[in-house]
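Participant: What follows is a single structure, and I will ask about it in a moment.
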Amino acid sequence: MSFLDNLGEYLKMVVHSPGRLMAPEPLSGGIDPAWARDVFIRALERLEQSIQDVRVAPTGRPILEELFEVWQRNDAVVLFAERMDRLLRESIGRDASDEDIKAWIALSIARRVGLDDALPSKVRTLEIDRLARIARGEAMDTRARIDVAAYAASIRATRGVEAALSVTPIGRVFLELTGRDAIRWLLHVEAAQSFGPSDPWRVSREAAQVLTSQSNWSFDWGKEKSFRLVWQSLKRLEALGLVLIEEDAQHKRTHLTTLPLGEELLTEIAEQQESPMSVLAGSLLADLTLSAADVATHWGTGTTVEVQASAVAEATARHSRMVAHEIRNMLVPVKTALGALYREVLLVEQPGEVIARRREGIDRGIDAVFRFVGELVELAKVSALPFESFDLVPAIRDAVSAVESEAGRRIEQMLPASLPPVSGHRARVVMALTNVLRNAAQAVPPESPVIRIQAEALEGASAVRIFVEDNGPGVPEPLRRAIFDEGISLRGGSGLGLALVREVFEKEMRGLVACDASPLGGARFVMRIPTTGMERP
18 MSFLDNLGEY LKMVVHSPGR LMAPEPLSGG IDPAWARDVF IRALERLEQS IQDVRVAPTG
78 RPILEELFEV WQRNDAVVLF AERMDRLLRE SIGRDASDED IKAWIALSIA RRVGLDDALP
138 SKVRTLEIDR LARIARGEAM DTRARIDVAA YAASIRATRG VEAALSVTPI GRVFLELTGR
198 DAIRWLLHVE AAQSFGPSDP WRVSREAAQV LTSQSNWSFD WGKEKSFRLV WQSLKRLEAL
258 GLVLIEEDAQ HKRTHLTTLP LGEELLTEIA EQQESPMSVL AGSLLADLTL SAADVATHWG
318 TGTTVEVQAS AVAEATARHS RMVAHEIRNM LVPVKTALGA LYREVLLVEQ PGEVIARRRE
378 GIDRGIDAVF RFVGELVELA KVSALPFESF DLVPAIRDAV SAVESEAGRR IEQMLPASLP
438 PVSGHRARVV MALTNVLRNA AQAVPPESPV IRIQAEALEG ASAVRIFVED NGPGVPEPLR
498 RAIFDEGISL RGGSGLGLAL VREVFEKEMR GLVACDASPL GGARFVMRIP TTGMERP
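Residue numbers for the sequence shown follow our numbering, beginning at 18 and rising by one.
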């Protein structure tokens, strides 16, 4: 299985496992590859001096040649040393110094190649042998080179709370992606959290710049540090198919090649190109930071610090602006081309039945998309702003005016002079009410349309209730709750309009929305908004 497959399987296991699992701590990445290779070569030299005859391996080859090839293949000795480092720190080396750990790793290498080195304590020697067997098995198994559990914890794809492990939104997004998109997502998540070129778990923008500045690198063993990138990180990029690492044991040189896919994806990281993935990664990471910190307060004041929340909102705003920009860029030439087509047809001959029949639908569709883009731009402007207190009556009148002008239908208004103030984004409330009224305007019969909006204060001014009803066909009872879900539409639309209604009134303003039958014969939409506190069903 590939690294992507292993990571996916691990995250799925965490999602479906009800047990209490904890992610291991990330590796330190402190083992110098050159040091590990040198220890191995010195151990083989000692073995060569100690044997009097030509020993033969089970394969029939001289033992020294066999050991040299097996341990150098795919740099297994470096992987062995890294794994032993971690295993020792989880066992007899829990309180040991780095020098002691390195001495024990050297001992384990010596014993694995056949030398008789040992510690004064036989028990500790047996423990080192046990750990070495585990490390060697994993070092020789190409599928076990990268600890996916530690990697997932390092990039915050998993999170442990009170010893229970769960998959975060970072991990859930990964599970929805495949192939190139999955790799691109991991790179953006890593880059957003990287500590720099020396980070063993997260590729940095500086590292991406190095790897894309030229495609091929070669360096002598022991001089990798001049390259400024961590071996463990390079191995992960190789597992993702972004670079190729080739070891020349004979000349003690390493050749590194950035592959075409690596050139493409690492360039995005190196040049800090803003994309939907980079913005989403930043937003989710900011949200994880907020949830981890819970609510920060100023000591002595009790006021809430909302820096992280602002970061999430700003990321959402940038995402909306970017989507709007891209949609507009794609639609402008389409609309221009259609305009030219109309003019050319008119110059050549009278408009035919096809143009007459299709033009209205084309124009209406394009105008609707431009209107959606305009609303998205307005949403981007307000999404990062703090809540404000405002009177709903003028906001309702703004929504009514917009739909009456757009649809050419009169809307009956049964509104008081004023209502108790509510707290929220006024522009988003107007947008949500516009969507409800537009939905009604599209549903009513053209020969006798009736659309009515009513608002009232409830329960000692603790809440406000708004009704929007019409004499259209109504909403089937099984769909009256589902119609607020994203993607659900009774008329083949995007299914986003009423989803925004629930988002604004329920998630943001802590109220309730509902749909039932209207005495007028059609649908009745009810929005109940608290003026203080949170509404309960």
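C-beta atoms are modelled at their ideal positions from N, C-alpha and C, and glycine is treated no differently.
I'd like the span of the beta strand (DSSP E) that includes R270, first residue to last.
Facilitator: 270-275
Participant: Please list the terminal residues of the continuous beta strand (DSSP E) segment that includes G441.
Facilitator: 439-441
Participant: Going by CA-CA distance only, name the one from I470, P463, S465 that's closest to M431.
Facilitator: The residue with the shortest Cα to Cα distance from M431 is I470.
Participant: Would you mind reading off the limits of the beta strand (DSSP E) that contains D133?
Facilitator: Where D133 is concerned, there is no enclosing beta strand (DSSP E), given that its DSSP letter is neither H nor E.
Participant: Assuming E429 is part of the beta strand (DSSP E), what are its boundary residues?
Facilitator: 429-431
Participant: Less than 9 Å between CB atoms is the rule here; does A472 satisfy it with respect to chain D?
Facilitator: The chain labelled as chain D is not found in the depicted structure, where only one protein chain is given.
Participant: Would you kindly work out how many angstroms separate the C-alpha atoms of F404 and I344, rounded to a whole number?
Facilitator: 28 Å
Participant: Among the residues of its own chain, which have a CB less than 8 Å from the CB of S535, if the five just before and after it don't count?
Facilitator: E486, D487, N488, G491, R541
Participant: Report all residues from its chain with a CB closer than 6 Å to the CB of L254; omit the five preceding and five following residues, and keep chain order.
Facilitator: V260
Participant: Can you tell me where the beta strand (DSSP E) with I187 in it begins and where it stops?
Facilitator: It is not in any beta strand (DSSP E) - I187 instead sits in the alpha helix (DSSP H) that spans 186-193.
Participant: Using only the alpha-carbon positions, how far apart do K119 and A98 sit?
Facilitator: 9 Å
Participant: Can you find the residues in the same chain that come closer than 7 Å, C-beta to C-beta, to G131, ignoring five residues on each side of it along the sequence?
Facilitator: L64
Participant: For the alpha helix (DSSP H) that E83 lies in, which residues bound it at each end?
Facilitator: 80-89
Participant: Whole angstroms is fine: what's the gap from L517's alpha carbon to T229's?
Facilitator: 42 Å
Participant: For the structure I just gave you, are there three or more beta carbon pairs, one from the stretch 213-233 and one from the stretch 281-297, closer than 8 Å?
Facilitator: Taking 8 Å as the limit for Cβ pairs, the verdict is that the stretch 281-297 does touch the stretch 213-233.
Participant: Mind the definition here: the stretch 200-208 touches the stretch 140-154 only if three or more C-beta pairs lie below 8 Å; say whether that holds.
Facilitator: no
Participant: Looking at S125 and I145, is the spacing between their C-beta atoms short of 9 Å?
Facilitator: Taking 9 Å as the cut-off, the Cβ atoms of I145 and S125 count as close.
Participant: How would you label I68, buried or exposed, when you count the other beta carbons within 10 angstroms and need 16 or more for buried?
Facilitator: exposed
Participant: Buried or exposed, going by whether 16 or more other CB atoms sit within 10 Å of the CB of L143?
Facilitator: exposed
Participant: Could you say which of S435, I163, K29 lies nearest to E193 if we only look at CA atoms?
Facilitator: K29
Participant: For S440, which residues from the same chain have a beta carbon less than 6 Å from its beta carbon, with the 5 sequence-adjacent residues on both sides left out?
Facilitator: F404, S406
Participant: Is there contact between the stretch 446-466 and the stretch 420-435, where contact requires at least three CB pairs shorter than 8 Å?
Facilitator: yes
Participant: For E523, does the three-state DSSP call read helix, strand or coil?
Facilitator: Secondary structure of E523 (DSSP, three-state): helix.
Participant: Might you give, ordered along the chain, the residues of its own chain that have their beta carbon closer than 7 Å to the beta carbon of A60, omitting 5 neighbours on each side?
Facilitator: I126, A127, V130, L132
Participant: Report back the beta-carbon spacing between Y168 and L24 to the nearest angstrom; my notes put them in contact at under 8 Å.
Facilitator: Sure, about 7 Å apart at Cβ, within 8 Å.
Participant: Would DSSP call S406 helix, strand or coil?
Facilitator: strand
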